[in-house]
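When we follow numbering that gives the first Met the number 0, the leftmost residue of the sequence shown carries the number 0, and every step to the right adds one.
All C-beta atoms in this analysis are idealised placements derived from N, C-alpha and C, irrespective of residue type, glycine included.
What follows is a short report on a single structure.
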Amino acid sequence: MKTSPCVDSAQTSVLVVDDHRVVADAIGMAINGQPDMHCVATAHDAAQARALARHWRPDVIMMDVRLGGDDGIDLAAELIHDAPSVRVIVLSAYIDQALLTRSLNAGACALLPKDGSLDQILGALRSSTRGGFDIDPTVLRTLARSRADHHGAPVPRLTPREADVLRSLADGADAVMIAKALGISVLTCRGYVKTLLRKLHAHSQLEAVVTANRLGLISTTKHG
């Protein structure tokens with residue numbers, strides 16, 4: 000467990016939780032090399048994470064899924080329940096649909112591959128304060144491959160406005176953000192989201208994005 004006495008209120012404060020000390024220290028050093036963020040501490044098990052989260056009240060927690068005998072997703076849900084304003088970014092060496100669903104249900108704001116670059120981690124930290132859920136493109140590709148057995152499904156036809164909403168969902172925006180950007184009401188936006196879920200046979204917004212990515216609809220909407 001490492002802590003830092005230097006905290007600048009103008010910086011995003013980050014707690015790194017990983018049972019591999021070398022990994023935690025590397026992430027912490029990368030964070031401390033940025034002018035807009037600061038690693039207040041690193042924890043290597045659930046007990047340390049709870050104590051340090053209560054002490055530092057960080058803005059963001061980087062959470063490994065596997066913490067020895069503890070589960071990082073369960074711990075994330077617990078810490079978010081204790082401090083609803085905290086943002087949790089989940090890191091995992093193995094990502095599947097079940098982990099994505101659990102991360103969402105726990106209240107996490109992002110899911111990243113553990114073997115990703117430090118630039119990906121730093122980018123997720125910066126976007127964590129904007130709301131929504133950040134999912135790395137490599138994660139989307141992994142989930143799309145896992146659903147390859149559905150490759151024969153027909154590609155749905157989307158209206159231009161549905162395509163706009165889908166593109167915004169893929170960028171990590173929520174209904175309030177999308178409604179503001181498109182100049183429509185939140186209620187209308189949620190209606191479009193429901194239509195997209197129905198057309199894509201998805202049970203969640205992220206499942207819709209994964210399915211749309213597999214069907215080639217994301218690239219299509221990005222280019223109009």
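With 16 other Cβ atoms within 10 Å as the buried cut-off, status of residue i
i    : result
T220 : Per-residue confidence for T220 stands at a pLDDT of 44, beneath the threshold of 50, marking its modelled position as unreliable; no derived number is given.
Y93  : exposed
G68  : exposed
R86  : buried
G215 : exposed
R197 : exposed
A162 : buried
D8   : Here the sequence assigns Ser to residue 8, which means Asp is not the residue at that position. It is exposed - the Cβ of S8 has fewer than 16 other Cβ atoms within 10 Å.
D148 : With a pLDDT of 47 at D148, under the threshold of 50, the modelled position of this residue cannot be trusted; read the value that follows with caution. Exposed, since its Cβ has fewer than 16 Cβ neighbours within 10 Å.
D81  : exposed
G27  : buried
T41  : buried
L117 : exposed
A50  : exposed
H222 : Only weak support exists for where H222 lies, its pLDDT of 41 falling under 50; the value from the coordinates is given anyway. Exposed, because fewer than 16 other Cβ atoms sit within 10 Å of the Cβ of H222.
L186 : exposed
Whole-Å CB distance - residue i paired with residue j, under 8 Å assumed
i    : j    : result
V59  : L124 : 6 Å
M36  : V13  : 6 Å
S127 : I88  : 6 Å
Q119 : L111 : 6 Å
G115 : D135 : 6 Å
G190 : G131 : Not a contact, Cβ separation roughly 19 Å.
A207 : L168 : 7 Å
S203 : L103 : 7 Å
C188 : A211 : Not quite, the Cβ-Cβ distance comes to about 17 Å (not below 8 Å), so this is no contact.
From the options, residue whose alpha carbon lies closest to that of residue i
i    : options                : result
R53  : E77, D95, L66, R65     : E77
A29  : L199, Q96, G122, L139  : G122
V209 : D95, P112, A82         : D95
I217 : R166, A172, G130, L110 : R166
V192 : G131, V164, I183       : V164
L66  : E161, D18, A97, M176   : D18
L98  : S116, Q10, D81, G71    : G71
T11  : P155, A42, R189, R56   : R56
A75  : A107, L90, A50         : A107
R140 : A42, V64, L205, G27    : L205
S84  : R160, S91, R129        : R129
R101 : T137, V64, L181        : V64
R213 : T158, V154, V175, T187 : V154
T194 : A180, K179, M176, R156 : R156
L90  : I177, M61, P159        : M61
Validate contact between the region 21-30 and the region 46-56 using beta carbons, cut 8 Å, 3 pairs: By the C-beta criterion, the region 21-30 is judged not to be in contact with the region 46-56, since fewer than 3 inter-stretch pairs fall below 8 Å.
My parser needs the beta strand (DSSP E) runs of 3 or more residues fully inside the region 56-107; what are they? Listed in chain order, they are 59-63, 86-91.
Residue ranges of each alpha helix (DSSP H) within the region 0-40, 4 or longer: Listed in chain order, they are 20-31.
Can you check the region 150-176 for any alpha helix (DSSP H) of at least 4 residues that lies completely inside it and give the ranges in chain order? Every alpha helix (DSSP H) of 4 residues or more that sits fully in the region 150-176 is shown, in chain order, as 159-169.
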